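For the sequence shown, the UniProt record's numbering assigns the number 1 to the initial residue and increments by one for each residue that follows.
All C-beta atoms, glycine included, are put in the ideal place defined by N, C-alpha and C.
Model, not experiment: these values are computed from the prediction.
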Amino acid sequence: MTRSHSDLLWPVERLPDALEQLAQRQGYGRAAGEIAPPAAAVEPSRVWMFALGDRLGVELEPITPLYHELPDVLERAAPCILQVRRDGVPSYLVLLGTRRGKLRLLARDATVVSVQTKSALALLREEQEATVAEVDQLLGGVEMSPRARERARSRMLLQRLGQAQLRTGWIMRPRRTASRRTLLGDIPSLAAGILVSHTLLSLVLAGSFWLLGRAALQAHLETGWFLGWIAVIACAIPLRMLEVWWQGVFSIRLGTLLKQQLLAGTLKLTPDEVRLDGIGRHFGRVAEAEVVEQLAVGGALLAVLSLVDLVLAGVILVLGAGGWPQAMVLVLWVVVAFVLARRHYGVQRAWSGARVEITHDLLERMLGHRTRLAQLPLERWHDGEDLRLSSYSEISKVMDRRTMQLTALLRDGWLVLGLLTLLPAFSSGTANPSALAVSVGGILLALRAFDEVAVYFQQVSQAAVSFEQIRDLLLAVGRPELESKVPLEMEGGKTTDAAGGTLIEARGVTFRHDARTRPVLENCSFQIAQGDRILLEGPSGGGKSTLVSLVTGLRTPQGGVMLLHGLDRATFGSSGWRKRITAAPQFHENHVLSGSFAYNLLLGREWPTSPELRSKAAALCKELGLDELVAKMPAGLEEMIGETGWQLSHGEKSRLYIARTLLQGVELVILDESFASLDPETMRVAQRCVLNHAKALVVVSHP
Numbered sequence: 001m002t003r004s005h006s007d008l009l010w011p012v013e014r015l016p017d018a019l020e021q022l023a024q025r026q027g028y029g030r031a032a033g034e035i036a037p038p039a040a041a042v043e044p045s046r047v048w049m050f051a052l053g054d055r056l057g058v059e060l061e062p063i064t065p066l067y068h069e070l071p072d073v074l075e076r077a078a079p080c081i082l083q084v085r086r087d088g089v090p091s092y093l094v095l096l097g098t099r100r101g102k103l104r105l106l107a108r109d110a111t112v113v114s115v116q117t118k119s120a121l122a123l124l125r126e127e128q129e130a131t132v133a134e135v136d137q138l139l140g141g142v143e144m145s146p147r148a149r150e151r152a153r154s155r156m157l158l159q160r161l162g163q164a165q166l167r168t169g170w171i172m173r174p175r176r177t178a179s180r181r182t183l184l185g186d187i188p189s190l191a192a193g194i195l196v197s198h199t200l201l202s203l204v205l206a207g208s209f210w211l212l213g214r215a216a217l218q219a220h221l222e223t224g225w226f227l228g229w230i231a232v233i234a235c236a237i238p239l240r241m242l243e244v245w246w247q248g249v250f251s252i253r254l255g256t257l258l259k260q261q262l263l264a265g266t267l268k269l270t271p272d273e274v275r276l277d278g279i280g281r282h283f284g285r286v287a288e289a290e291v292v293e294q295l296a297v298g299g300a301l302l303a304v305l306s307l308v309d310l311v312l313a314g315v316i317l318v319l320g321a322g323g324w325p326q327a328m329v330l331v332l333w334v335v336v337a338f339v340l341a342r343r344h345y346g347v348q349r350a351w352s353g354a355r356v357e358i359t360h361d362l363l364e365r366m367l368g369h370r371t372r373l374a375q376l377p378l379e380r381w382h383d384g385e386d387l388r389l390s391s392y393s394e395i396s397k398v399m400d401r402r403t404m405q406l407t408a409l410l411r412d413g414w415l416v417l418g419l420l421t422l423l424p425a426f427s428s429g430t431a432n433p434s435a436l437a438v439s440v441g442g443i444l445l446a447l448r449a450f451d452e453v454a455v456y457f458q459q460v461s462q463a464a465v466s467f468e469q470i471r472d473l474l475l476a477v478g479r480p481e482l483e484s485k486v487p488l489e490m491e492g493g494k495t496t497d498a499a500g501g502t503l504i505e506a507r508g509v510t511f512r513h514d515a516r517t518r519p520v521l522e523n524c525s526f527q528i529a530q531g532d533r534i535l536l537e538g539p540s541g542g543g544k545s546t547l548v549s550l551v552t553g554l555r556t557p558q559g560g561v562m563l564l565h566g567l568d569r570a571t572f573g574s575s576g577w578r579k580r581i582t583a584a585p586q587f588h589e590n591h592v593l594s595g596s597f598a599y600n601l602l603l604g605r606e607w608p609t610s611p612e613l614r615s616k617a618a619a620l621c622k623e624l625g626l627d628e629l630v631a632k633m634p635a636g637l638e639e640m641i642g643e644t645g646w647q648l649s650h651g652e653k654s655r656l657y658i659a660r661t662l663l664q665g666v667e668l669v670i671l672d673e674s675f676a677s678l679d680p681e682t683m684r685v686a687q688r689c690v691l692n693h694a695k696a697l698v699v700v701s702h703p
């Protein structure tokens, strides 16, 4: 490195300053104001880092790269901070990006320094490589050139340490609610580059038409003209390659942004919104999101490029033999194209809506298939299916006709009209051959544009219809999210005893579901103290699960107030509240994901997890009587379970859900009918484990 390590490595106590400068340089976040630094020489917790990201108005994503992955991380992860640990003391490199093969790092004096990638790799891998000093000892006794020695050392270290985990770093991204300019980044400049390169490419192709057409009309296609035409075509090759490259990068960047926004919007849906839509419509939304990404990202851009071709074709036609009359015919035909596209869009909208509904109906019938077999007579199993399919078929026929009109009429119709408007100038014999060649070039350029427009307009039409299905998800991104206002030193779940031992206090809480007029809970008041063990009983439909969702922060009371340690939810923020209270939902609302047993146990904690947390999970499994199950699994805690892996019984799943909840390390644990699937002996074991580990406990059960 060109500067000393001390200039480039940020100590832990200056980490807020480093991240604030990084966010401001990227144009992502905001000034965080006065922030108490973390303890010196101690790695800050993930909770503290997430809270710091909230203060800065950015998203911080933890990454724990493997040894062999580090070169890719340095090339692609910026902006980020990467941890270096020397003598057990952590410090950080602040990576701004790469330029001309070198890394751009932010120094402690706020200057930008360019360093060789090899130097940064050596610094970041230093701690791990120190554990295999025998590699250098082995190579020390071998005679070889310095270059060969370095190459052999790199390969031996890669073999020994390739799968070793390095220290946790953090990637910085803009918040999903940031301004469009911030979220789009360099996407507008890519689009501008594509437009410029495409315009130049179209001009080159029009020039080639002019050269070839003029030589043909003058009946002297000599070698010089032919070579000139080949040279012009050759000039189009680099322009076309550049355009295709930029289009690929544009599609990847915009597609990634779309998926990130959709995921952010999905996570902001309320439980009631998720339930009311049903699984069929959610599945349909996933399909429509794919349509929007594939068609809108590609089709919209290419449709714009086709319109650029039409504008260029109009200018060329004005300069040709047909003049303004021929250009006006092109304008009128463009209007016809928009009319046909508008008609196609209307039918496409009806067809897409019918497709989503039929998908929803099919999935709902599949989920209720056993109930239908048991409760409906054979002759009624398929009631309504023929009518839905017939209606869908009729809409499809209409859409096919509109598609045929859009694809066939536009292209062939323009070719006929373009040649007819050129006929008077050609038949009179007075037209200049060069002008005729220019007109032919304009007609052919417009013909290519109409041929592409017919396809791309279909894609844009389908994407616009599909967008209506996912628009609610994108709008949900803008919903305000409560941000934590508590000091950073309290963000690890450590709170003061400001409320005199009271953990939760509810006063006059009222809640009503959107589709109902009668409130589920009305004027509800209670207290939960630290160390309490509470049994909540009530009949089905009495509001127990709704009360749980209010306490955990999944729902917001419509009346009254609910306090945690004397502070309301607006003070802790949405995520801050849920970090302190967690619940195991009812069995039908809880899930085993396709992954390892350890992954399902530690869902909600950092992943990859620490050895200490993994050991705690194994000990908890033993207390819950799951150690026999783990012993049967060939891979132990790493055994794949779920849909495609080891299948768990209801009782085993229930204990997995209990262990997952206890491993969150929160202040209040709520178990919603978690013991219902357990036999009496297993239930006693599970209850004893829960009582030993939960700081405060609420168990929901039927009387």
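Status (buried if at least 16 other CB within 10 Å, exposed otherwise) for residue i
{"i": "residue 694", "result": "buried"}
{"i": "residue 552", "result": "buried"}
{"i": "residue 494", "result": "Confidence is the limiting factor: at residue 494 the pLDDT is only 47, short of 50, which leaves the residue's position unreliable, though a coordinate-based value still follows. Exposed is the call here."}
{"i": "residue 147", "result": "exposed"}
{"i": "residue 643", "result": "exposed"}
{"i": "residue 163", "result": "exposed"}
{"i": "residue 498", "result": "Residue confidence is low: residue 498 scores 43 on pLDDT, short of 50, so the model does not pin down where it sits. Its coordinate-derived value is still stated next. Flag for residue 498 reads exposed."}
{"i": "residue 250", "result": "buried"}
{"i": "residue 702", "result": "exposed"}
{"i": "residue 672", "result": "buried"}
{"i": "residue 10", "result": "buried"}
{"i": "residue 88", "result": "exposed"}
Short Cβ contact (8 Å threshold) for residue i with residue j
{"i": "residue 305", "j": "residue 334", "result": "no"}
{"i": "residue 80", "j": "residue 169", "result": "yes"}
{"i": "residue 445", "j": "residue 313", "result": "yes"}
{"i": "residue 630", "j": "residue 637", "result": "yes"}
{"i": "residue 70", "j": "residue 124", "result": "yes"}
{"i": "residue 181", "j": "residue 59", "result": "no"}
{"i": "residue 587", "j": "residue 649", "result": "no"}
{"i": "residue 641", "j": "residue 686", "result": "no"}
{"i": "residue 187", "j": "residue 254", "result": "yes"}
{"i": "residue 660", "j": "residue 604", "result": "yes"}
{"i": "residue 41", "j": "residue 12", "result": "yes"}
{"i": "residue 543", "j": "residue 509", "result": "no"}
{"i": "residue 98", "j": "residue 78", "result": "yes"}
{"i": "residue 319", "j": "residue 438", "result": "yes"}
{"i": "residue 337", "j": "residue 450", "result": "yes"}
Continuous alpha helix (DSSP H) stretch holding residue i: start and end
{"i": "residue 50", "result": "46-56"}
{"i": "residue 511", "result": "Not the alpha helix (DSSP H): residue 511 falls in the beta strand (DSSP E), residues 502-511."}
{"i": "residue 597", "result": "597-601"}
{"i": "residue 532", "result": "Element bounds for residue 532: n/a, residue is neither H nor E."}
{"i": "residue 551", "result": "544-552"}
{"i": "residue 24", "result": "15-26"}
{"i": "residue 5", "result": "5-8"}
{"i": "residue 604", "result": "Unbroken run through residue 604: none, as it is neither H nor E."}
{"i": "residue 402", "result": "385-404"}
{"i": "residue 314", "result": "301-319"}
{"i": "residue 409", "result": "That residue, residue 409, is in no alpha helix (DSSP H); it is neither H nor E in DSSP."}
{"i": "residue 569", "result": "569-572"}
Beta bridge counterpart(s) of residue i as assigned by DSSP
{"i": "residue 61", "result": "171"}
{"i": "residue 426", "result": "DSSP, once it has assigned bridges, lists no residue as partnering residue 426."}
{"i": "residue 448", "result": "According to DSSP, residue 448 bridges with nothing at all."}
{"i": "residue 85", "result": "90"}
{"i": "residue 559", "result": "510"}
{"i": "residue 98", "result": "103"}
{"i": "residue 521", "result": "511"}
{"i": "residue 11", "result": "91"}
{"i": "residue 165", "result": "66"}
{"i": "residue 80", "result": "95, 171"}
{"i": "residue 774", "result": "The chain is shown from 1 up to 703; residue 774 falls before or after that span and cannot be answered."}
Beta strand (DSSP E) segment containing residue i, residue limits
{"i": "residue 102", "result": "102-106"}
{"i": "residue 761", "result": "Beyond the ends of the chain as shown, which are 1 and 703, falls residue 761; an answer cannot be given."}
{"i": "residue 583", "result": "581-584"}
May I have a chain-ordered list of the alpha helix (DSSP H) segments no shorter than 4 residues that lie completely inside the segment 108-158? Counting only runs of 4 or more, we get 117-129, 134-140.
Which runs of the beta strand (DSSP E) at least 3 residues long sit entirely within the segment 635-684? Give them in chain order. Taking 3 residues as the shortest admissible run, the segment 635-684 contains the following complete beta strand (DSSP E) segments, listed from N- to C-terminal end: 668-672.
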